[in-house]
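Number of protein chains: 2
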Amino acid sequence: MKKDINIKEVAKKAGVSIATVSRVFNNSGTVKESTRKKIEAVIEETGYYPNVLARELAEKKTHLIGLIVHSMIGEGIPRMINGVNEMLEDNDYNLLIACTNGILESEIKHFEIFRSKRVEGILFATREFKEEHRDLIQKIPIPVVVLLQRTDKEGISFVTFDNYTFAKEATEKLIGLGHRNFAFIGGPATSVNSRERQLGFRDGLKENGIELDTNLSRNGDFTIESGYQQMEEILAIEKEITAVIAVNDGMAIGALNCIQDHDIAVPNDISVLGLDDTVLAKASRLKLSGVHYSYSKLGKQGAGLLLKQIESDEALFEEVVLPYEIHLRESVNKR
Amino acid sequence: MKKDINIKEVAKKAGVSIATVSRVFNNSGTVKESTRKKIEAVIEETGYYPNVLARELAEKKTHLIGLIVHSMIGEGIPRMINGVNEMLEDNDYNLLIACTNGILESEIKHFEIFRSKRVEGILFATREFKEEHRDLIQKIPIPVVVLLQRTDKEGISFVTFDNYTFAKEATEKLIGLGHRNFAFIGGPATSVNSRERQLGFRDGLKENGIELDTNLSRNGDFTIESGYQQMEEILAIEKEITAVIAVNDGMAIGALNCIQDHDIAVPNDISVLGLDDTVLAKASRLKLSGVHYSYSKLGKQGAGLLLKQIESDEALFEEVVLPYEIHLRESVNKR
DNA sequence: TTGTAAGCGTTATCAG
DNA sequence: CTGATAACGCTTACAA
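So the protein lines, in turn, are chains A and B. Read in order, the letters of the first sequence correspond to residues 1 to 335 in full-length UniProt numbering. Read in order, the letters of the second sequence correspond to residues 1 to 335 in full-length UniProt numbering.
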């Protein structure tokens, strides 16, 4: 453990001015080879590290991006962070992270902290994009890109998945296979992503002239257990259904287990599909069908968009909706 | 979007000196109520935010912690980050994150970046703690705490799980249930955590006078598929085994599926246990047995330890090994 | 209670 | 090619 040394001391030891040392460190300006060597020797010897804080203050650039997420738990967000990280790494930015548990005050607080830390841009993921968020972002003089959520065209950029469309398309795919009697297991009513998927599901049915008993469209809490329980209740109401769609893999797996525990065959009697594609889909013996989309790409693109905004002078506004793939596997059958 | 304003302009607008503005913002020194009000009004009106960079430069404190991890993927590390985050949040520190994919050069690079960014401490998680890491950490004049790995008592603090002991104890638990014929599915040879667990397993057998065909102790790559494949090979070698232990849940699930696909009964013919306890353990219809330990607590304690080191003047050295619980569920049976 | 001025460790401009 | 020196925006003695 040795104390940090500063540019002044290096300059003194090398018998030059601090300006010259700075030039050597940044390869800027011109320095005679012999003095460069001398200075480099001193740097080596002292283990000198420039104080980036001071540099950033002088340059008014921090090379810092702030990421605010509502949760770290689950497969998606960590992958998204990974994508963000990759993009930032390639562009020599560093990543400041805050996790808010979806609490509005905490979100606001971190916007302010990040702003005062002079981050050059903010990536923001929340469970539900509210008016308060819009106001906040529009007041802040630094670029913001919203992840995993639409911002309703208020001039705030976002990158997200098209929940509505893939849910609808997946539903129609099952209809195409001959299914007519559906049940749906959604997430909590507060989840925008879940609501969008549910809407896609309903419109998919409606446009194909299929009616849905609203009792068969239910809300769980994303866990395996709640999928099991909701399925239990669905079976109590109506045994004639031939397809169950769950908003995520966990609940789909729960439903699958429940169905099998009732000695009902999957997929012969009931097909199961999750609007998701996590490691869980691969865990069950009977491979679960689902919709695949890349969180890592989302993170990467979101970060890319943000960097573009930082570099550009005018405020640009872009909305990106990422593609998906529907994978029908063993858990789904033709009727 | 409005431009950032600085303390000087606020002072001018309020007709006071910058020192007074600074006092108001930091509640330091004494300010007359009337001038405080006046200044607060100007702050409100201008939306002034202090430039934390400048403050940090003056104070020589950044309130920044760096976290270097080898990966974001999987259930453990995100939970650990969550724990770190909680502790830092409570103490008004911010979190800078870097993900290295376990590449040594990247690890070194981020130690340097973090150091030049003047983080006050570093949390470090890597797949294998090497001599290079030790050298690096001992040269750096800021506190470091290693996570998820021992540092071999070199005066470098760490907090980790006791892989060896829980693997051994889990093995002995199965022996206590009457099992004598074991197979083991480990991770890649490069994973220290996997090696430690494997050692615990072997010693558990050895101390109980049970011999192990080394062909039955295998290496996968942590995925469900590789668990399946290794189990396939185990069954080809020896059908008489009564218990399989896998180093993680994923491979345990793979093994479980493989066994069932061979129409061998779990747990009646073969018991299965994973040295892990992720969401996967709850996904299979037949609840998987495993060892539970809290990544979130590990993160929290690691961060706590680091903060303690930052506050203390002398370099303290502490090693923390966290507790675990062995959960025997449906996948394990008495012989 | 308030203001002046000296840092904090850099970068960058401008002479020399 | 190199050295003074003025920023950068803030904190904090020290004076008044």
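A virtual CB, placed ideally from N, CA and C, is assigned to each residue, including glycine.
- Taking C-beta separations shorter than 7 Å and ignoring five residues to either side along the sequence, the partners of S226(B) in its chain run G220, M251, G254, following chain order.
- The beta carbon of H179(B) sits closer than 8 Å to those of T242, A243, S271, R335, all from its chain and outside the five residues before and after it, given in chain order.
- Within its own chain, the residues whose Cβ lies closer than 8 Å to the Cβ of K297(A), once the five positions on either side in sequence are excluded, are G83, L322, listed in chain order.
- For the pair E128(B) and L95(B), the Cα-to-Cα distance works out to about 23 Å.
- Using a 10 angstroms sphere on the CB of T30(A), the tally of other CB atoms stays under 16, which defines it as exposed.
- Contact note: E154(B) does not reach chain A at a C-beta cutoff of 8 Å; the least C-beta distance is about 14 Å.
- Taking a 10 Å sphere around the C-beta of S331(B), we find 16 or more other C-beta atoms and assign the residue as buried.
- What V279(B) touches in chain A, judged by beta-carbon distance under 8 Å, is I224, G250, L280, going in chain order.
- Using a 10 angstroms sphere on the CB of I122(B), the tally of other CB atoms reaches 16 or more, which defines it as buried.
- Within the region 126 to 173 of chain B, the runs of alpha helix (DSSP H) at least 4 residues long that lie entirely inside it are, in chain order, 131 to 139.
- Considering only beta carbons, the part of the region 111 to 138 of chain A lying closer than 9 Å to chain B consists of E112, I113, F114, R115, S116, K117, R118, Q138, in chain order.
- The beta-carbon of D4(B) is placed less than 8 Å from the nearest beta-carbon of chain A.
- For L53(A), the enclosing alpha helix (DSSP H) starts and ends at 52 to 59.
- The CB of N94(B) comes closer than 8 Å to the CB of L96, A98, I113, K117 in chain A, given here in chain order.
- Secondary structure of R335(B) (DSSP, three-state): coil.
- In the three-state reduction of the DSSP assignment, G66(A) falls in the strand class.
- When the alpha-carbon of T171(B) is set against those of S22(B), G290(B), P50(B), E318(B), the nearest one is in G290(B).
- If you ignore the 5 residues before and after F161(A), its C-beta comes within less than 6 Å of the C-beta of Y293, L322, all in its own chain and listed in chain order.
- Around N101(B), the same chain offers H70, S71 as residues with beta carbons nearer than 7 Å, after the five sequence neighbours per side are excluded.
- Rounded to the nearest angstrom, the gap between the Cα atoms of E131(A) and I137(A) is 10 Å.
- Between the alpha carbons of G155(B) and A315(B) lies a gap of roughly 9 Å.
- Three or more beta-carbon pairs drawn from the region 35 to 48 of chain A and the region 11 to 25 of chain A are found closer than 8 Å, and the two stretches are therefore classed as touching.
- In the DSSP assignment, I185(A) forms a beta bridge with R218(A), A246(A).
- Relative to the Cα of E89(B), the nearest Cα in the group A98(A), E86(A), S312(A) belongs to A98(A).
- Its chain contains Y164, A167, K168 as the residues whose beta carbon lies nearer than 6 Å to that of G200(B), once the 5 sequence neighbours on both sides are disregarded; these appear in chain order.
- Under the Cβ criterion of 8 Å, P267(A) is not counted among the residues facing chain B.
- A Cβ-Cβ separation of about 5 Å places S194(B) in contact with G186(B) under the 8 Å criterion.
- Residues of chain A whose Cβ lies closer than 7 Å to the Cβ of Q260(B) are, in chain order, R285.
- At the C-beta level, L306(B) and V145(B) come within 8 Å of one another.
- Around the Cβ of K32(B), a 10 Å sphere holds fewer than 16 other Cβ atoms; the residue is exposed.
- CA-to-CA, the gap between V192(A) and R134(B) works out to about 47 Å.
- By the Cβ-count criterion, E105(A) is exposed, with fewer than 16 other Cβ atoms from all chains shown falling within 10 Å of its own Cβ.
- Taking a beta-carbon distance threshold of 8 Å, V52(B) counts as an interface residue toward chain A.
- Counted as a single uninterrupted DSSP element, the beta strand (DSSP E) harbouring I97(B) occupies residues 94 to 99.
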